[in-house]
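Residue 77, in the UniProt record's numbering, is where the sequence shown stops; the numbers in between run on with no holes.
To start, the structure under review is shown below, and the notes come after it.
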Amino acid sequence: MSNLSKRSTIYFEPAIHQALKMRAASSDVSISELIDEAVRLLMREDQEDLAAISERVNEPEVTYEIFLNELKANGKI
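Below, the structure written as structure tokens:
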């Protein structure tokens, strides 16, 4: 991690903390590095989701009621 990293306090359930400690030890990385990578992965996934939403912005919206009616009409429910 860079010298420009910020500190933060995070609280975990004891079992989660133990799993993180074990994973960090077996991977030869710190818990901080594991958490940093997990957060970065989450943000990348969010970015992908937002991009997918942007690509579909012009698609017509279908309400839940209309969707259910279509399922019924097609014999799915």
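Beta carbons: idealized from backbone N, C-alpha and C, even for Gly.
Only a predicted model underlies this, so the values are computations on that prediction, with no experimental measurement involved.
Out of GLU70, THR63, SER8 and VAL57, the CA that lies nearest to the CA of SER32 is found in SER8.
Positions of the alpha helix (DSSP H) runs, each at least 4 residues long and wholly inside the stretch 33-69, cannot be given because no such run exists.
Under the three-state reduction of DSSP output, ARG7 falls in the coil class, being neither helix nor strand. Only residues of its own chain outside the window of five on either side were considered, and among them none has a CB closer than 7 Å to the CB of VAL39.
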